[in-house]
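Trainee: Below is one structure. I have some questions about it.
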Amino acid sequence: MEQIVMLIVFSAMFITAGLAIRRNWWGVGDQISGKYVSSNPLLHERSWAWNGARVFGGLFVGMGFLMALAFVYITISEWVV
347 MEQIVMLIVF
357 SAMFITAGLA
367 IRRNWWGVGD
377 QISGKYVSSN
387 PLLHERSWAW
397 NGARVFGGLF
407 VGMGFLMALA
417 FVYITISEWV
427 V
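Residue numbers (the working numbering): 347 to 427.
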């Protein structure tokens, strides 16, 4: 039972963190990519650092969905047995 709760909690955390980075909620993507210290903050959305932050956020979202899939697999395997 504890494993299932941990999978749900960490899955939600990874998905929320990934979307916050990827969609720039609360300015998280700007902070990670260094918008406030770049030489041209107006064109920052086209830089490699911004694209790298978006990829990093996508990896977080993907990891969260994999953990949710693991939760579903464990739950179904417990029902079958």
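Beta carbons are placed, not taken as given, at the ideal position from N, Cα and C, and that holds for glycine.
Just so you know, these numbers come straight off a predicted model, no measurement behind them.
When DSSP labels each residue in this structure, what does Met347 get in the three-state scheme?
Mentor: Here residue 347 corresponds to residue number 1 of the sequence shown, with the count starting at 1. Reduced to three states, the DSSP call for Met347 is coil.
Trainee: Indicate whether Gly408 and Gly375 have their beta-carbon atoms separated by less than 8 Å.
Mentor: In the sequence shown, the residue the question calls residue 408 occupies position 62. In the sequence shown, the residue the question calls residue 375 occupies position 29. No, Cβ-Cβ distance for Gly408 and Gly375 is not below 8 Å.
Trainee: When the Cα atoms are used, what is the spatial distance from Trp425 to Leu412?
Mentor: For the purposes of this step, residue 425 is taken as the residue at position 79 of the sequence shown. For the purposes of this step, residue 412 is taken as the residue at position 66 of the sequence shown. Cα to Cα, Trp425 sits roughly 20 Å from Leu412.
Trainee: Contact check, Ile378 vs Ile367 under 8 Å by CB: the rounded distance?
Mentor: Within the sequence shown, the letter at position 32 stands for residue 378. Within the sequence shown, the letter at position 21 stands for residue 367. Your pair Ile378 and Ile367 checks out as a contact, with CB atoms roughly 6 Å apart and the cut at 8 Å.
Trainee: For Trp372, count neighbouring Cβ atoms within 10 angstroms of its own Cβ and tell me buried if that reaches 16, exposed if not.
Mentor: Taking the sequence shown and counting its residues from 1, the one referred to as residue 372 is at position 26. Under this definition Trp372 is an exposed residue.
Trainee: For Gly398, count the other beta carbons within 10 Å of its own beta carbon; 16 or more makes it buried, fewer makes it exposed. Which is it?
Mentor: For the purposes of this step, residue 398 is taken as residue 52 along the sequence shown, with counting starting at 1. Exposed is the label assigned to Gly398, since fewer than 16 other Cβ atoms lie within 10 Å of its Cβ.
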